[in-house]
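Only one structure is covered here, and it is reproduced in the block below.
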Amino acid sequence: YSIFLYAQPTEALVFKVLIVEDVAETREYLRVLLDGAETQGHRLTVSGVAQNGAEARLEMDRRRPDIVLLDEILPGESSVDVLRDAREAGIPVLLMTSTEHPTHAAAPGAVGRVIKPGWEEREREAAEFVRSVFSAVRP
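Here the sequence shown stands for residues 13 to 151, where the numbers follow this note's numbering.
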């Protein structure tokens with residue numbers, strides 16, 4: 013008889029991220045920060061960005077991301093509505109806040125909440141932010 017050993021594929025897992033953020037400068041910073049970020053054989057790619065709920069829905073349909081990073085406060089519509097639509101489509105959502113100590117609970121259905129990197133200590137906070145995204149999206 014023969015024994016066959018099957019090697020696990022060594023190709024990195026690539027996770028597609030949709031960023032939903034209304035502030036253009038922050039949206040671009042997050043795109044640059046996350047696109048191509050790697051850890052433990054996994055890589056992130058930003059498949060799309062959106063500045064409001066309507067754009068987010070179009071990008072979710074168009075791009076089918078592995079995770080949506082959703083700003084908790086969007087102009088013109090509740091992020092809870094976008095969260096609900098993403099969850100109905102089977103896409104996990106990680107909420108983003110700029111408040112270090114939020115006074116309200118994260119919306120039900122989100123996989124978690126992360127603090128957006130601040131302006132003062134961006135480098136340290138950026139590393140924490142990227143780790144949080146990987147933790148939320150990894151199988």
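Virtual Cβ for every residue (Gly too), placed ideally from N, Cα, C.
Everything numeric in this text was worked out from a predicted model, so none of it was measured.
Rounded separation between residue i and residue j - CA only
i    : j    : result
D34  : A66  : 12 angstroms
L81  : V145 : 8 angstroms
A122 : R99  : 8 angstroms
L17  : Q63  : Reliability of the predicted coordinates at L17 is poor, the pLDDT of 41 falling under 50, and the value obtained from them is presented with this limitation in mind. Computed Cα separation, rounded: 49 angstroms.
R96  : E137 : 28 angstroms
F141 : A101 : 25 angstroms
P129 : S110 : 8 angstroms
M72  : L42  : 18 angstroms
Q52  : L46  : 15 angstroms
E50  : L56  : 7 angstroms
E40  : V126 : 17 angstroms
V32  : H54  : 22 angstroms
Span of the alpha helix (DSSP H), counted from its first residue to its last, around residue i
i   : result
G65 : 65 to 75
A98 : 91 to 100
T38 : 36 to 46
Where residue i falls, given that 16 or more other Cβ within 10 Å makes a residue buried
i    : result
E84  : buried
A148 : buried
G60  : buried
A36  : exposed
V26  : exposed
S91  : buried
P77  : buried
Which residues DSSP lists as bridging residue i, in chain order
i    : result
V26  : R55
R125 : L107
G60  : L30
Where the beta strand (DSSP E) through residue i begins and ends
i    : result
I79  : 79 to 83
L107 : 105 to 109
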